[in-house]
Amino acid sequence: MTCSLLVLDLDETLLHTYREPTSNVNDYWDADYVVYAKDRRSCLAGILRPGVTEFLVWASGIFEVVVWTAGHDDYAQMVCKLLDPEGTLINHMLSRRTCIRMRSAATGDIMYVKDLCALGRDLGRTFLVDNTPHAATLNLSNLIPIEAYLGGDSDTKLKELQRFLESNLVRLTDRKNDMRILLHRQLNLKRRLRERIDNWKSTQQAFPTS
């Protein structure tokens, strides 16, 4: 089978990480990992999304797998070892320094955009799974959106993602096929985003500024 590239977001896609003071250590009884800061005053605790290991095992047998986080290098390396301790499931781990830093004109917030062109792969066979659509601003046609994971053991989104990939993408092995056409037909993401923008504009018009 011809290899395609599957780019996976990290936080709220494969796991949920949160920072807490160490005084709340009793609250971490259900965490899958806890990493203490150097000053021992705070720590990062987190929960793996249900089915993440099984999903990575499946994906690694079909795709070239990249995990791309807007977090810093040390965080990315720590989580990579957690998700793939044997180094056999994830081909590449990318961090914030490989993102494009942008500021929202509307809110002033800093956004980190993942430019798939920088990976040097065929964009017709590259997919980005991310819970934040703005991360795919430059490559919306490659985006497979996923609902944010904030904890809980009843989440089934990774199983649903695997079924989607199996039924719609993996079976297409002809290099002449541009997978973005299929994503456009299945998800119609650009239309949905335009509808959100139009709805936002209509609410702004309903509230005069003067």
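Quick note on our numbering: the sequence shown kicks off at 172 and runs consecutively. Each residue gets a CB set at the ideal place from its N, CA and C atoms; glycine is no exception.
Rounded straight-line distance, which links the Cα of residue j to that of residue i
i, j, result
"L176", "R272", "23 Å"
"H263", "E318", "23 Å"
"L181", "I352", "25 Å"
"K328", "S338", "15 Å"
"V178", "D280", "24 Å"
"A241", "H305", "12 Å"
"I233", "S275", "36 Å"
"L260", "Q248", "14 Å"
"R267", "Y320", "20 Å"
"P256", "G291", "27 Å"
"L311", "G322", "27 Å"
"N348", "D293", "11 Å"
"A277", "D244", "29 Å"
"D326", "R334", "15 Å"
"L332", "M282", "25 Å"
Minimum C-alpha distance to residue i - residue among the options
i, options, result
"P316", "Y283, D280, L290 and H355", "H355"
"D201", "D324, E235, R267 and D280", "D324"
"Y246", "N348, G322, L265 and L321", "L265"
"T188", "G217, Q248 and S231", "G217"
"D203", "A277, L253 and G258", "L253"
"M350", "S231, E257, F335 and G295", "G295"
"W330", "V205, Q248 and P221", "For clarity, residue 330 is Lys in the given sequence; the question names Trp instead. Taking only the C-alpha atoms, the option nearest K330 is P221."
"A250", "T278, V205, R292 and S275", "The identity of residue 250 in the sequence shown is Val, whereas the question assumes Ala. The option with the nearest alpha carbon to V250 is V205."
"T308", "D286, L336, G242 and D255", "D286"
Per-residue DSSP class, three states only, for residue i
i, result
"V225", "Here the sequence assigns Glu to residue 225, which means Val is not the residue at that position. In the structure shown, E225 sits in a helix (DSSP, three-state: H, G or I)."
"E331", "helix"
"H355", "helix"
"E337", "helix"
"Y283", "strand"
"D324", "coil"
"A289", "helix"
"S296", "According to the sequence as given, residue 296 is Arg; it is not Ser. Three-state DSSP puts R296 in a helix."
"C251", "helix"
"F378", "Residue placement at F378 cannot be trusted, given a pLDDT of 45 that sits under 50; what the coordinates show is reported in the next sentence. Looking at F378 - three-state DSSP - the assignment turns out to be coil, as it is neither helix nor strand."
"S231", "helix"
"P256", "coil"
"H305", "helix"
"D180", "strand"
"S175", "strand"
"L311", "helix"
Rounded distance between the beta-carbons of residue j and residue i, thought under 8 Å
i, j, result
"R190", "L215", "6 Å"
"V300", "T184", "6 Å"
"V238", "L186", "Their Cβ separation, rounded to whole angstroms, is 10 Å, which puts V238 and L186 out of contact at 8 Å."
"T303", "N313", "Actually they are not in contact, since the Cβ atoms of T303 and N313 sit about 14 Å apart, beyond 8 Å."
"C174", "E235", "5 Å"
Residue i CB to nearest heavy atom of the ligand MN below 8 Å
i, result
"L254", "Of ligands this structure carries none, so the ligand MN is not represented either."
Taking 8 Å as the threshold, find out whether the segment 263-278 comes into contact with the segment 213-227 through three or more Cβ pairs. no
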